[in-house]
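Taking it in order: structure first as structure tokens, then the write-up.
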Amino acid sequence: MKRNHDMKFKLLRMFSLILLAVVFCISAMPAYADKITPEIHIVTTLTDLADFARAVGGDLVEVHQLATGVEDTHGVPMKPSFVPVMNRADLLILVGLDCEHAFLPALMEASKNPRIQRGHPGYVDCSRGIIPRDVPKSTDHFEGDVHPYGNPHYMLDPVLAKTALSNIFNALATVAPQHIAEFTRNREAYLATLNAKIAEWQTKAKVLRGVKFVSYHEHWPYFAERFGLNYFGTIELKPGIDPTARHIGELTAAMKAQHVAIVVREPQFPEKVPKRVAEQTGATMVTLPIMPGGVPNTETYIKMMDYIINTLVTAIQARK
């Protein structure tokens with residue numbers, strides 16, 4: 014009799030535990046489902062824009078970035094998998110100023126998604142509000158791969174990058190106005206962090222003021238102006254055109270005469286020529302990313318900017 018009673022007690026206890034577990038799972042499911050089911054599907058061309066979209070959108074967005082961070086910003090390789098992702102997109106976020114001219118128009122035509130076509134709310138040009146530098150007087154092909162609307166690499170200036178953040182916020186508020194309070198909280202939290210980092214970077218970069226440097230491609234005019242460096246020139250002969258022996262000879266002679274301290278090599282380009290220029294001139298070569306993910310441990314915009322500033326400061330301090 015006692016044995017039967019013990020068995021019934023054990024079965025009742027097991028049933029109670031199972032019932033509690035089921036009730037817990039059912040009660041937890043709606044919150045969990047809300048958390049993992051994004052309402053807004055976003056495609057960004059580059060990784061810095063993806064980082065900003067995630068920061069503002071939070072759990073309400075699913076973000077797919079076309080670049081990984083190691084590519085040339087002007088020539089992200091097109092993949093068939095991009096088209097279905099763009100077909101589902103509510104927002105397409107791009108740098109603008111013709112930065113993505115070599116790959117984005119063909120992808121947009123292939124996707125035929127009306128929501129993300131130019132002129133529609135889902136087409137988010139983050140250069141709106143940017144005053145571009147270096148607008149060319151001529152767009153003749155002889156001048157190389159010129160950008161008719163000006164240099165598109167404004168994201169390397171963290172103050173100008175806040176314009177991109179604002180454009181992303183406005184787009185999200187337009188497509189999902191019911192969530193504007195959450196988007197506002199997310200934006201303000203990120204801006205507080207970014208503004209604190211900008212103050213920190215400007216303090217650290219005081220040792221860089223007046224430092225002369227060259228880079229392979231003309232990625233750095235906005236960055237140089239923000240932090241007070243002297244952008245001496247590029248290893249490329251012209252945008253998108255590899256250097257000639259004559260150009261390298263003239264560049265190295267000028268660098269020696271002007272005591273250029275730094276050669277920046279972007280990871281999208283081979284190391285051989287920048288390294289040789291540095292060796293011939295006594296400059297220090299550094300490899301710097303142009304978007305998050307370009308080198309290890311730079312997967313966010315803030316980590317990337319930390320890396321750039323710290324690498325340059327370390328290189329200059331080592332030369333003293």
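Position in the sequence shown counted from 1, then plus 13, gives you my numbering.
Backbone N, C-alpha and C define an ideal beta-carbon position, used for all residues, glycine too.
Exposure of Q330 is indicated by the presence of fewer than 16 other C-beta atoms within 10 angstroms of its C-beta. Looking at P309, A267, T50 and T57, the one whose alpha-carbon comes closest to that of A177 is T57.
In its chain, beyond the 5 residues on either side, S228, Y229, E284, P287, K288, M298, V299, T300 and L301 have a beta carbon closer than 8 Å to the beta carbon of R278. Counting the other Cβ atoms within 10 Å of the Cβ of A291 gives 16 or more, which makes it buried.
Under the 10 Å beta carbon count, G295 is surrounded by fewer than 16 other beta carbons and is classified as exposed. Looking only at T206, L207, L185 and N208, the smallest Cα-Cα distance to T197 is reached by L185.
Taking the Cα of V83 as reference, the smallest distance to any Cα among K333, I303, M317 and I315 is reached at I303.
Put simply, the backbone Cα of M99 is about 7 Å away from that of N126.
Counting only residues of its own chain and dropping the five nearest sequence neighbours on each side, S124 has a CB closer than 7 Å to the CB of V96, M99 and N100.
Per the C-alpha coordinates, the member of Q215, V69 and I248 positioned closest to F240 is Q215. Following the DSSP letters along the chain, one finds N183 inside the alpha helix (DSSP H) bounded by residues P171 to V188. With 16 or more other Cβ atoms from the protein chains shown falling within 10 Å of its own Cβ, E113 counts as buried.
In this chain, the alpha helix (DSSP H) harbouring K316 covers Y314 to A331. Rounded to the nearest whole angstrom, the CA to CA distance from A266 to W233 is 22 Å. For R332, the CB contacts under 7 Å within the same chain, skipping 5 residues up- and downstream, are A274 and T297 in chain order. Across the structure, K251 and T50 are spaced so that their CA atoms are roughly 47 Å apart.
Here DSSP, grouped into helix, strand and coil, assigns N243 to strand. Cβ-Cβ distances below 8 Å link K175 to L204 and L207 in the same chain, with the five nearest sequence neighbours on each side left out; the list follows chain order. Between L173 and I143, the CB-CB gap stays under 8 Å. Around the beta-carbon of A80, 16 or more other beta-carbon atoms lie within 10 Å, marking it buried. One alpha carbon belongs to D85, the other to G223, and they sit about 28 Å apart.
Between P256 and Q281, the alpha-carbon positions lie close to 15 Å from each other. If you draw a straight line from the Cα of E195 to the Cα of R67, it comes to about 12 Å. The beta-carbon distance between H192 and L73, rounded to whole angstroms, is 6 Å. This is short enough to meet the 8 Å contact definition.
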